[in-house]
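Please read the structure below before turning to the comments.
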């Protein structure tokens, strides 16, 4: 994917993630080289410079933006917002707010990313709660799952808005006029689900401009027969982490069984490797980089804390693509249009 | 597992599941032959007899109990309970209530199974809401996940009771004095989760006789480092079906990739088959049969609607084992003892 055509400027939280600059910088440089996007590397200047010293910076357009503080995992998002004005994630969001960058990428504290995104970058008109949307691999093309963790206690109206945002995102991403939108529940039939989902179902059913296919179950996520799966952030976060965990566990079990088996199976697996590599891609979340925080005025991508360089690189590539495609502007338009629909729901 | 020592009498809902007697009867006969348990095959006599005519009934102790009605999937549990007194699931539960059978196994309408279990067999003293507990394969020994669908809208107090029941079940099943009990949430740290989980956390933390290890995340389910994972029935049902679905999808993707690859990978996979067969066992839910409805006066096992004969056989084997081991009596004792603890929570 060496386009090198991007004119995007991306603020990268260099201090984010479990491994900080040692993982973020190499991933960012690779993405910068591949896409041509300009990178603003935000964080403690000495730490960033140290990483850059041993890295290959050729053909990468970047700048260091010093930020003296780091948002720690144990801190409350509200505390970071209030008391750590110079945290790398806050500084990165301010660069976007002030028009110096088009988007933010961070693998740091997700709660802090959501809070800084909401209060520093600001929400799209009409959106009450931004939602984290992630792409998951399926048997066919990827599915958009949202919310995967920005909102743990949601009202039905919030799920309705997530569906509208997911729909607009899918229209742009999959170039599809009527993506199939489903709500995650415990049975396909109408009337199945908890109180929250049943109410959201009624709102979604009444939305004329939505290809709402009704309830979907956990098993439908990976078949590829749905484009957007909507749920609250508690359910979505558990579903996402469970998928990643099961993928890793299956891989480990397979490796263990192969190690404990005879020469013939070992040789067999070696011969089958080209086919199994594609299987491994499917269970590897790093392919998809991170979750998009939908509902902000600009693109913001929140990566997994455990992200490796590949995941950071994918996230920046994705971010640059969305900036180029003006995905967020299209979302603002779509949400603006359906705010009408939204209001009509409320007064109905 | 040919023990043939069981003195259990098991009421089998012969009409349950997507495939009815054609799948239930062969599975039941196999389990009956293997365990020595007596089977009461409940359902439409002509349908059952038709299946038996072509089946191998040697060495199986069974009886047919005629029930003229069948609980249909689209019917409400409350309607079945009120208006279908002769539905096979109701008749099967009455056999248990009247002391003619020790336990029920059904692959029918799960809502109807829960409702008939609650109102016909009755709840254990002290239990407000019975919960469906399932065993999931992990990298090490299996984990108990509950609730997987009996209660979609729960209060924190219900999650607390699920933990007590899951703990007592794990003590018996894993022969462990202090099984590790976790609550499914979106982060390991205390204070992470939705309102329901945060409150349940506080209740669980205060329970002295519980080896409560705190929050666990979706990715922790399959590592084997937790024995009991507690969640509400909405989250649990989605988690369970997602796991099954991901397992199936991964298997299908692998098969597809192998089919589309050259001769060498195909030969390789054939050679590796013995090792991969163990991997397949792990992603095959049929191994575990069904979910145990914890909190009733007798053992009741609810199988997946899509169960095959193997799953039915496993469920009956499991049921017979629990009857032999007096698992339910031990649960009643444990819950009785912790009802004290329970009350102390309420008054605290």
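Protein chains in written order, with this note's numbering: chain A, 2 to 349; chain B, 2 to 349.
Virtual Cβ for every residue (Gly too), placed ideally from N, Cα, C.
With DSSP run on the structure shown, which of helix, strand or coil describes residue i?
i                      : result
residue 223 of chain B : coil
residue 187 of chain B : coil
residue 168 of chain B : helix
residue 36 of chain A  : helix
residue 64 of chain B  : strand
residue 12 of chain B  : strand
residue 310 of chain A : helix
residue 118 of chain A : helix
residue 291 of chain A : strand
residue 238 of chain A : helix
residue 297 of chain B : strand
residue 94 of chain B  : helix
residue 252 of chain B : helix
residue 181 of chain B : strand
residue 345 of chain A : Unreliable positioning characterises residue 345 of chain A in this predicted model, as indicated by a pLDDT of 45, which lies under 50. The coordinate reading is nonetheless provided below. Looking at residue 345 of chain A - three-state DSSP - the assignment turns out to be helix.
residue 28 of chain B  : helix
residue 277 of chain B : helix
residue 82 of chain B  : helix
residue 132 of chain A : strand
residue 54 of chain A  : helix
residue 175 of chain A : coil
residue 245 of chain A : helix
residue 152 of chain B : coil
residue 207 of chain A : coil
Does the CB of residue i have a neighbour CB from chain B at under 7 angstroms?
i                      : result
residue 20 of chain A  : no
residue 245 of chain A : yes
residue 335 of chain A : no
residue 17 of chain A  : no
residue 242 of chain A : yes
residue 153 of chain A : yes
residue 236 of chain A : yes
residue 35 of chain A  : no
residue 109 of chain A : no
residue 309 of chain A : no
residue 255 of chain A : yes
residue 250 of chain A : yes
residue 2 of chain A   : Bear in mind that the predicted position of residue 2 of chain A carries a pLDDT of just 45, short of 50, making it too unreliable to give a figure here.
residue 306 of chain A : no
residue 167 of chain A : no
residue 196 of chain A : yes
residue 296 of chain A : no
residue 223 of chain A : yes
residue 359 of chain A : In the structure displayed, chain A extends from 2 to 349; residue 359 of chain A sits before or after that span and is not available.
residue 150 of chain A : yes
residue 187 of chain A : yes
Please classify residue i as buried or exposed, where buried requires at least 16 other C-beta atoms within 10 Å of its C-beta.
i                      : result
residue 6 of chain B   : exposed
residue 126 of chain A : exposed
residue 13 of chain B  : buried
residue 238 of chain A : buried
residue 304 of chain A : buried
residue 58 of chain A  : exposed
residue 1 of chain A   : Shown here, chain A extends from 2 to 349; a query on residue 1 of chain A therefore has no answer.
residue 332 of chain A : buried
residue 103 of chain B : buried
Would you please verify whether the beta carbon of residue i is less than 7 angstroms from any beta carbon of chain A?
i                      : result
residue 161 of chain B : no
residue 272 of chain B : yes
residue 265 of chain B : yes
residue 181 of chain B : no
residue 201 of chain B : no
residue 275 of chain B : yes
residue 262 of chain B : yes
residue 318 of chain B : no
residue 13 of chain B  : no
residue 41 of chain B  : no
residue 140 of chain B : yes
List the whole-angstrom C-beta distance separating residue i from residue j, where the pair is believed to meet the contact cut-off of C-beta under 8 angstroms.
i                      : j                      : result
residue 151 of chain B : residue 132 of chain B : 5 angstroms
residue 320 of chain B : residue 106 of chain B : 5 angstroms
residue 167 of chain A : residue 297 of chain A : Contact flag wrong, Cβ pair sits at about 15 angstroms.
residue 310 of chain B : residue 51 of chain B  : Between residue 51 of chain B and residue 310 of chain B the Cβ distance is about 16 angstroms, and since that is not below 8 angstroms, they are no contact.
Pairing CB atoms from the region 184-200 of chain B with CB atoms from the region 149-166 of chain B, are three or more of them under 8 angstroms? yes
Determine contact between the region 36-45 of chain B and the region 59-77 of chain B, defined as no fewer than three beta-carbon pairs at a distance below 8 angstroms. yes
Validate contact between the region 230-237 of chain A and the region 243-251 of chain B using beta carbons, cut 8 angstroms, 3 pairs: no
I'd like to know if the region 265-278 of chain B and the region 137-145 of chain B are in contact, where contact means that at least 3 CB-CB pairs between them fall below 8 angstroms. no
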